[in-house]
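Novice: Have a look at this one before I ask anything.
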Amino acid sequence: MSAHGSFQPDEPAALFYIGQHDGRANVQASPDVLSLAYGLGYDFLTTPITTSAFHSRVVAQAKDLLPPTDTTCLPTLNPLTPQDSNLAPNEGNSALVGFVSAWIDLGSPNPVIAKLSQRVLNAEVAYAAFCGINTLIVHGPSAQANVVQYARDIREALALGPFVQLHILLPMTGELEHDYADSSPLAELVAESEVDLDDDDDLSRHTDLYGVWKDWNTIRTICSYSQKLSLALELPRQLPAPSLQRRWFSEPIRLLIYSRTSFLRNAKGYPVLSKQHQQLLSRFATLPSPPWLLLSDVDPLEDATSTTTTGQPTEPTPAEAASRSNEKPKDNAPHLRYLRHLQHTQPSRTAIERFGQGYEDFLQSPLQPLTDNLESITYEGFEKDPVKYEWYGRAIAAALKDLRKQIQGDRPVIVAVVGAGRGPLVTRALQASIQTGIKIQCWAVEKNPNAFLLLQRRNAIDDLWNNQVRVVKSDMRHWRGPTAAESTAPVDIFVSELLGSFGDNELSPECLDGVQHLLHPAHGVSIPQSYTAHITPLSSPRLYNDLLSRSGIEKWELPYVVMLHRYDYLCTQTNSEAEVVPDVKQTWAFSHPVPGDALEQSRGRAGGGLDTGGWAGGDGGNEHNARACKVSFTSREPGVCHGLAGYFETVLYAGNDSKIELSINPVTMPQKSRDMISWFPIFFPFKTPLYIPEESEIEVSMWRQTDDRSVWYEWIAEVYKKVRGGKRMIAVSELHSSRKNACLT
Ligand SMILES: C[S@@+](CC[C@H](N)C(=O)[O-])C[C@H]1O[C@@H](n2cnc3c(N)ncnc32)[C@H](O)[C@@H]1O
Numbered sequence: 001m002s003a004h005g006s007f008q009p010d011e012p013a014a015l016f017y018i019g020q021h022d023g024r025a026n027v028q029a030s031p032d033v034l035s036l037a038y039g040l041g042y043d044f045l046t047t048p049i050t051t052s053a054f055h056s057r058v059v060a061q062a063k064d065l066l067p068p069t070d071t072t073c074l075p076t077l078n079p080l081t082p083q084d085s086n087l088a089p090n091e092g093n094s095a096l097v098g099f100v101s102a103w104i105d106l107g108s109p110n111p112v113i114a115k116l117s118q119r120v121l122n123a124e125v126a127y128a129a130f131c132g133i134n135t136l137i138v139h140g141p142s143a144q145a146n147v148v149q150y151a152r153d154i155r156e157a158l159a160l161g162p163f164v165q166l167h168i169l170l171p172m173t174g175e176l177e178h179d180y181a182d183s184s185p186l187a188e189l190v191a192e193s194e195v196d197l198d199d200d201d202d203l204s205r206h207t208d209l210y211g212v213w214k215d216w217n218t219i220r221t222i223c224s225y226s227q228k229l230s231l232a233l234e235l236p237r238q239l240p241a242p243s244l245q246r247r248w249f250s251e252p253i254r255l256l257i258y259s260r261t262s263f264l265r266n267a268k269g270y271p272v273l274s275k276q277h278q279q280l281l282s283r284f285a286t287l288p289s290p291p292w293l294l295l296s297d298v299d300p301l302e303d304a305t306s307t308t309t310t311g312q313p314t315e316p317t318p319a320e321a322a323s324r325s326n327e328k329p330k331d332n333a334p335h336l337r338y339l340r341h342l343q344h345t346q347p348s349r350t351a352i353e354r355f356g357q358g359y360e361d362f363l364q365s366p367l368q369p370l371t372d373n374l375e376s377i378t379y380e381g382f383e384k385d386p387v388k389y390e391w392y393g394r395a396i397a398a399a400l401k402d403l404r405k406q407i408q409g410d411r412p413v414i415v416a417v418v419g420a421g422r423g424p425l426v427t428r429a430l431q432a433s434i435q436t437g438i439k440i441q442c443w444a445v446e447k448n449p450n451a452f453l454l455l456q457r458r459n460a461i462d463d464l465w466n467n468q469v470r471v472v473k474s475d476m477r478h479w480r481g482p483t484a485a486e487s488t489a490p491v492d493i494f495v496s497e498l499l500g501s502f503g504d505n506e507l508s509p510e511c512l513d514g515v516q517h518l519l520h521p522a523h524g525v526s527i528p529q530s531y532t533a534h535i536t537p538l539s540s541p542r543l544y545n546d547l548l549s550r551s552g553i554e555k556w557e558l559p560y561v562v563m564l565h566r567y568d569y570l571c572t573q574t575n576s577e578a579e580v581v582p583d584v585k586q587t588w589a590f591s592h593p594v595p596g597d598a599l600e601q602s603r604g605r606a607g608g609g610l611d612t613g614g615w616a617g618g619d620g621g622n623e624h625n626a627r628a629c630k631v632s633f634t635s636r637e638p639g640v641c642h643g644l645a646g647y648f649e650t651v652l653y654a655g656n657d658s659k660i661e662l663s664i665n666p667v668t669m670p671q672k673s674r675d676m677i678s679w680f681p682i683f684f685p686f687k688t689p690l691y692i693p694e695e696s697e698i699e700v701s702m703w704r705q706t707d708d709r710s711v712w713y714e715w716i717a718e719v720y721k722k723v724r725g726g727k728r729m730i731a732v733s734e735l736h737s738s739r740k741n742a743c744l745t
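Positions 1 to 745 (full-length UniProt numbering) are the ones given, in order, by the sequence shown.
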């Protein structure tokens, strides 16, 4: 393993050694210490930036100034002297992670301490960056700190160097296992001074399960979700509730800190992690850039190597040497070896995880197969789906059996695959005919000229379709259907796959409307018969951050297709198997053929005629495909909503004794179409993240709008806090609209 952590997928995360994580007893990183650490298998080493001499100097300065007599004249800090830091610019520094002094107290209620702390932070960050150490860890705010002031200081420090990366060290829960809150000698001086802590400034932030997360949210919000800011999260021995684990998983954690207390001992006395810890680590290991693992307070270099803190190995005395030769070889780094073992024995990935590797949290514009002609490689991607075509085959077979009973005589059943692509559904239709023994006349209609060529080739191959298929190059809305000479009957079954991640977002309703007039009026079947769109509120700092870094304002007004990976559902419920699942609500539904007179009425308004195929447009001819909804969600835990995750479900065919469905809704997908890989979810972003307090309601309004020539979506969310006897509105998002990027019909 290289000395530098690499961010390649699958590559095990790098590990660090640090001494005491409060930064005071840290081993000073000399070249000797570094090579000893590498020898043990560590990749990086942490180091304090300044010395104890510097600490003493600042404490002395603080004592002189306390209690503050004139708070308008706050202290400055003299520039660093050679005694203040052992660091110097050096090539090896890229393997070091700097610890900003743990004894500062940013945001202290005492103005002298707050100011001195800020000056120390700036001096240390600037000097570390000057020396080439750009990865720096800063302790989170103390229990008494003003978090807003703390965050403001961090924001200033982030600007001190172009490559500076600050990792805020926070415990996963509010329980103070370490000295997170009160280790600061500077803070201790407050007690000696006459400045009282405000009585209201209680420590309740840290007794609230989400208190630490709330602090983090304040810090990163004030730092405008800077990409230079991330988290070093310290893991307790007992992990908190799964909901809080999921929340942290969605945050930009670059370092996971395991200290001695995170480990248990197995029967042989070796350090191991609990099952829950292993599961959490496995989850993090699935990330394209897994966090680095930082071992703290374990395997001290001194114990393992007889190394002094200056890095010089000490000679054992003759007596020590004699006794050591009788000992069995000592495992110098059991914690490290154990974590390496876990890294190399991670569970294998699911079908969708393998398929989506490299696409995690990657925002893509949805396909527009109606306006664009797809590439062969895109079709090839669809065709790899192990579930979708199988289910379509079953649906066609079931429909054939049901229709055979309804069709008079023994004429073949007319099956038309509309939007046939390269023909996988044509193959399934022919196979269903063989399997059921029901004769069909098969049509393949495709508007993409390149795919049309391939369809003709496939048809000509004896072993494939053997010229059984009538291949038509046409937009389905303009197809006139089989002529009287070709068929004595209208189409019995239309088979199509025109669905996007949100069901109707690739204009399946508009396309199928345009061909519906060719369907047998009495018993004609559309496969799919219906589809529904679904949403749930999502927290994903990762996606929000990605959008922030993109140019243009239109980026907030578009839905994106994305394989969601680093996110948290804000509203959940428990299913019948006692599993926590997202609360996913339906927005609207479409079914085919369009029931009743809806189509005719719409067309009538538009002045178009059914027999022309397609509609004239512009006068409400597509109004029957407009939709609107208002759905409400409850959030028990606090969070931030960055957008809405969208999904679809479809009934391919529900017949006399079968119901064949596909779903990408995470709640129903395991039962309906597990392992299907053709669709990732869709994501509707919010330009301004919405803070969601605990016990609140999120009301989402959504529209599918049409001006007859195009279709677009609009979305908005309102947040209400439940109060006694009702609810009070506390936030509302902008009204987003994809009209400027509408899908053309
Ligand atoms: C998502 S692809 C599915 C292709 C194929 N059925 C499959 O499952 O692999 C949709 C196909 O429908 C075609 N298509 C979309 N709208 C169409 C229209 N109005 N008329 C004809 N073909 C259309 C596209 O060119 C594309 O080949």
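Ideal placement from N, C-alpha and C gives every residue a C-beta, glycine not left out.
#1: In the DSSP assignment, find the beta strand (DSSP E) that holds Leu169 and state where it starts and stops.
#2: Evaluate the contact criterion for the segment 224-242 versus the segment 165-172: three or more CB pairs, one atom per stretch, below 8 Å.
#3: What did DSSP end up calling Tyr389 once you bin it into helix, strand or coil?
#4: Tell me which same chain residues have a C-beta within less than 6 Å of the C-beta of Ala126, skipping the five on either side of it?
#5: At a cut-off of 7 Å, would you count Asn373 as near ligand 1, judging by its Cβ distance to the nearest heavy atom?
#6: Cβ of Arg237 within 7 Å of any heavy atom in ligand 3?
#7: State yes or no: is the C-beta of Gln435 within less than 8 Å of the C-beta of Ala397?
#8: What does a CB cutoff of less than 7 Å around Arg155 pick up in its chain, not counting 5 residues either side in sequence?
#9: Report back the beta-carbon spacing between Gln245 and Leu280 to the nearest angstrom; my notes put them in contact at under 8 Å.
#10: What is the DSSP secondary structure of Glu649, counted as helix, strand or coil?
#11: Please find out if some non-hydrogen atom of ligand 1 comes closer than 7 Å to the beta-carbon of Phe382.
#12: Return yes when the Cβ of Leu34 is within less than 8 Å of the Cβ of Gly98, no when it is not.
#13: Assuming Trp712 and Ser696 make a contact with CB atoms under 8 Å, what is their CB distance in whole Å?
#14: For a test of your reading of the model: does the CB of Cys511 fall under 7 Å from any non-hydrogen atom of ligand 1? Yes or no.
#15: According to DSSP, Ala731 sits in a beta bridge with which residue or residues?
#16: Are the Cβ atoms of Ala420 and Glu446 separated by less than 8 Å?
#17: Could you tell me which residues DSSP pairs with Ser678 in its beta bridges?
#18: Within the present structure, is the beta-carbon of Gly481 separated from the nearest heavy atom of ligand 1 by less than 7 Å?
#19: Identify, in the order they occur along the chain, each residue of the same chain with its Cβ nearer than 7 Å to the Cβ of Asn134, setting aside the five sequence neighbours on each side.
#20: Pull up the distance between the alpha-carbon of Lys115 and that of Glu579, whole angstroms please.
#21: Within 7 Å: the Cβ of Tyr150 and any heavy atom of ligand 1?
#22: What do you get for Ser142, buried or exposed, if any count of 16 or more other CB atoms within 10 angstroms of its CB means buried?
#23: Across which residues does DSSP place Met563 in a beta bridge pair?
#24: Do three or more CB pairs link the segment 627-641 to the segment 676-694 at distances below 8 Å?
#25: Taking its Cβ as the centre, do 16 or more other Cβ atoms sit within 10 Å of Asp196, making it buried, or is it exposed?
#26: Go to Ser282, then tell me how far its alpha helix (DSSP H) extends in each direction, as first and last residue.
#27: Measuring CA to CA, which of Ala416, Gly358, Arg704 is closest to His287?
#28: Going straight from the alpha carbon of Ser365 to that of Ala717, what length do you get?
#29: Compute the Euclidean distance between the alpha carbons of Trp679 and Pro386, then round it to the nearest angstrom.
#30: Please report the Cβ distance between Ile414 and Ser487, rounded to the nearest whole angstrom; I am assuming they are in contact, meaning their Cβ atoms lie under 8 Å.
#31: Going by DSSP in three states, Ala267 sits in which element: helix, strand or coil?
#32: Would you report the Cα separation of Ile730 and Val700, rounded to the nearest angstrom?
#33: Round the Cβ separation of Leu518 and Pro490 to the nearest angstrom and send it over; I've been treating them as touching at under 8 Å.
#34: Might you give, ordered along the chain, the residues of its own chain that have their beta carbon closer than 6 Å to the beta carbon of Trp715, omitting 5 neighbours on each side?
#35: Identify, in the order they occur along the chain, each residue of the same chain with its Cβ nearer than 8 Å to the Cβ of Leu507, setting aside the five sequence neighbours on each side.
#36: Rounded to whole angstroms, how far is the Cβ of Lys384 from the Cβ of Ile677, which I believe are closer than 8 Å?
Specialist: In short:
#1: Per DSSP, Leu169 belongs to the beta strand (DSSP E) from 165-171.
#2: yes
#3: Residue state for Tyr389 is assigned as helix, using DSSP reduced to three classes.
#4: Leu160
#5: yes
#6: You won't find ligand 3 in this model; what it holds is ligand 1.
#7: yes
#8: Ile222, Cys223
#9: 6 Å
#10: strand
#11: yes
#12: Cβ distance not < 8 Å, so Gly98 and Leu34 don't count as in contact.
#13: Not really, about 29 Å apart at Cβ, beyond 8 Å.
#14: yes
#15: Beta-bridge pairing links Ala731 to Val719.
#16: yes
#17: Bridge partners of Ser678: none, in fact.
#18: no
#19: Gly161, Phe163, Val164, Gln165
#20: 49 Å
#21: No - ligand 1 has no heavy atom lying nearer than 7 Å to the Cβ of Tyr150.
#22: buried
#23: Glu360
#24: For the pair of segments examined, the segment 627-641 was found to touch the segment 676-694: the number of CB pairs separated by less than 8 Å reaches three.
#25: Per-residue confidence for Asp196 stands at a pLDDT of 43, beneath the threshold of 50, marking its modelled position as unreliable; the derived number appears in the next sentence. Asp196 should be labelled exposed.
#26: 275-285
#27: In the sequence as displayed, the identity of residue 287 is Leu instead of His. Looking from the CA of Leu287, the closest CA among Ala416, Gly358, Arg704 belongs to Gly358.
#28: 22 Å
#29: 12 Å
#30: 6 Å
#31: coil
#32: 14 Å
#33: Cβ-Cβ separation between Leu518 and Pro490: approximately 6 Å, consistent with a contact (criterion under 8 Å).
#34: Phe684, Met702, His736
#35: Sequence-distant Cβ neighbours of Leu507 in its own chain, meaning closer than 8 Å and more than five residues away, are Leu370, Leu498, Val711, Cys743, Thr745.
#36: 7 Å
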